[in-house]
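Chains as they are written, first to last, in the working numbering: chain A, 1 to 197; chain B, 198 to 346.
Where is the CB? At the ideal position from N, CA and C, for every residue including glycine.
Below is the structure:
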C-alpha cells in the first residue's frame with residue numbers, strides 16, 4: 001500500500017538551528033507552539049499552576065532531547081507527544097494527591113459564540129447560567145473522564161485536531177481514537193444533561 | 198449530524214479559557230531563567246551522564262552493534278586469560294639428607310695434588326705430578342655448525 005505523503009515540517013530550519021546551539025531558534029519554537037501546548041495541558045489538568053510548571057518541563061525535556069529528534073515526524077507532532085506523555089504521567093501522580101482546579105479566565109469573546117448563546121439561553125432555568133458556572137461544569141465533567149479519554153476530547157473537541165493526527169501523537173490506531181471519543185462523549189452527555197436541549 | 202453534537206459544541210467552548218494577558222511573553226523569559234538556574238544547580242555527575250546519553254544517542258545501529266561486538270570480544274579475551282591455566286610450575290629441588298657440601302678448594306686443586314706447606318718448610322718449585330693436557334684447536338672446515346641465515 002502506498003503511504004500517505006507527509007507534509008514538510010515548517011519548523012525544520014528552526015530545529016536545525018536549535019540543534020546546532022542557537023538558543024534564539026529554540027525560543028522561537030517555544031513562542032510558536034506554547035499556546036497550543038498550553039491548551040493541551042491545561043484542559044487535561046484544569047489547573048493553571050500545574051500547567052505552567054508542566055509546560056516548562058515539557059520544553060526543557062524537548063530542548064535536552066532535541067539532538068535525538070531525527071525528523072521522522074514533524075517537530076510539532078514530536079513535542080506534542082512529549083507533552084501528552086508527560087501530562088499523563090503527571091496526572092497519574094496527581095490523582096494520588098487529588099489536586100484541585102485552578103481555572104484560567106474565560107475570554108469575553110465567548111459571549112459572541114453561537115454555541116455559548118445556544119447553550120445558555122432558553123426557557124429552562126437551569127440553563128440560565130453564567131459563564132463561570134458553565135466553565136466549572138465543563139471542567140468538572142472533564143475531570144470525571146479517564147486521562148486517556150480526556151486527552152482525545154482535548155485534542156479533538158477543543159483543539160480541533162483530526163483523528164489521524166491524534167492517532168499519530170498517541171501512537172494508537174484511528175479506531176482506538178474514535179472508540180475513546182465515543183465513550184468519552186457518552187460520559188460527558190450524562191454529566192452535562194442540564195445543558196442539553 | 199452526530200449523536201453527540203451538543204456535547205461537542207459545549208466542549209468547544211473551553212477554548213475560550215485562556216491564561217492572563219502577557220503570559221506567553223513571560224513564559225520564554227521564565228524558561229530561560231529556569232534553564233540557567235538548573236544548569237548551575239545540577240551536579241557535574243548528572244551533567245556528565247546527560248552528555249554521555251546525548252553523545253551515545255547519536256550513534257547509528259551499526260555503530261552500536263560494532264561497539265557491542267568489540268566489547269564482547271574484549272570480555273571473552275579477559276575471561277579466557279583469567280581462567281586459563283598458566284605455565285607448569287617448576288618442581289622444587291629437594292636436597293637429599295645424605296648429601297655432603299662440596300669442598301671447592303679440593304676440587305680446584307685435584308689434578309695438582311697440592312699439599313699445604315708446613316711451618317718452616319721451604320717451598321720447592323713444582324715439578325708437576327699432575328698433567329694438564331690441552332687439545333689443540335682444530336681449524337674449522339666447511340660450513341657445518343653455522344647457522345644458515
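{"Query": "Proximity test, Cβ basis, 9 Å: residue 271 of chain B and chain A", "Result": "no"}
{"Query": "Within the segment 56-102 of chain A, ranges of the alpha helix (DSSP H) (whole runs, at least 4 residues)", "Result": "75-97"}
{"Query": "Interface partners of residue 119 of chain A on chain B, CB under 9 Å", "Result": "203, 206, 207, 210"}
{"Query": "Residue interval of the alpha helix (DSSP H) (run including residue 15 of chain A)", "Result": "12-19"}
{"Query": "Secondary structure of residue 107 of chain A, DSSP reduced to three states", "Result": "coil"}
{"Query": "Contact set between residue 221 of chain B and chain A, taken where Cβ atoms lie within less than 8 Å", "Result": "31, 34, 35, 38"}
{"Query": "CB contact below 9 Å: residue 51 of chain A versus chain B", "Result": "yes"}
{"Query": "Stretch-stretch touch, CB-based, cutoff 8 Å, three pairs: the segment 233-244 of chain B with the segment 165-185 of chain A", "Result": "no"}
{"Query": "Contacting residues, own chain, Cβ-Cβ under 6 Å from residue 30 of chain A (five flanking each side not counted)", "Result": "59"}
{"Query": "Test item: CB-CB of residue 210 of chain B and residue 182 of chain A under 9 Å", "Result": "no"}
{"Query": "With 16 other Cβ atoms within 10 Å as the buried cut-off, status of residue 280 of chain B", "Result": "exposed"}
{"Query": "CB contact check: residue 277 of chain B to chain A, cutoff 9 Å", "Result": "no"}
{"Query": "Member of A:91, A:145, A:43, A:26 whose CA lies at the smallest distance from the CA of residue 64 of chain A", "Result": "A:26"}
{"Query": "Best match in A:135, A:137, A:28 for proximity to residue 75 of chain A [C-alpha to C-alpha]", "Result": "A:28"}
{"Query": "Per DSSP, the bridge partner or partners of residue 159 of chain A", "Result": "None, per the DSSP bridge assignment."}
{"Query": "Validate contact between the segment 175-191 of chain A and the segment 148-162 of chain A using beta carbons, cut 8 Å, 3 pairs", "Result": "yes"}
{"Query": "Alpha carbon of residue 207 of chain B to alpha carbon of residue 92 of chain A, nearest angstrom", "Result": "26 Å"}
{"Query": "Own chain partners of residue 242 of chain B with C-beta closer than 6 Å, once the 5 adjacent residues on each side are dropped", "Result": "none"}
{"Query": "CB contact below 9 Å: residue 215 of chain B versus chain A", "Result": "yes"}
{"Query": "Distance between residue 269 of chain B and residue 344 of chain B (C-alpha atoms, nearest Å)", "Result": "Its pLDDT being 47, under 50, residue 344 of chain B is placed unreliably by the model, and nothing is read from it."}
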